[in-house]
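Residue numbers (the numbering used here): 1232 to 1291.
In this text, a Cβ means the ideal position worked out from N, Cα and C, and glycines have one as well.
Some notes on the structure that comes next.
Structure (structure tokens):
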């Protein structure tokens, strides 16, 4: 993982834990967040359709 993605992973994980999420769930949230961003930016080898859609299209 690139240093920027690692920093973002740590930030998301720490933020989730601060909001009361378990460590295991916080790691999962952080990994999914970073992987989705990698897919959208074209860094990932493969990407699912939902991960490349615009956030608004998903109905956030």
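In terms of residues, what are the limits of the alpha helix (DSSP H) holding residue i?
i: residue 1274; result: Per DSSP, residue 1274 belongs to no alpha helix (DSSP H) and is neither H nor E.
i: residue 1244; result: 1234-1249
Apart from the five residues on each side of it in sequence, which residues of its chain come closer than 6 Å, Cβ to Cβ, to residue i?
i: residue 1260; result: 1247
i: residue 1275; result: 1269
i: residue 1240; result: 1261 and 1265
Who are the Cβ neighbours of residue i in its own chain at under 7 Å, not counting the five residues just before and after it?
i: residue 1244; result: 1257, 1258 and 1261
Rank the options by C-alpha distance to the C-alpha of residue i and give the top, closest one.
i: residue 1237; options: 1281, 1263 and 1251; result: 1263
To which residues of the same chain is residue i closer than 8 Å at the C-beta, ignoring the five residues directly before and after it?
i: residue 1272; result: none
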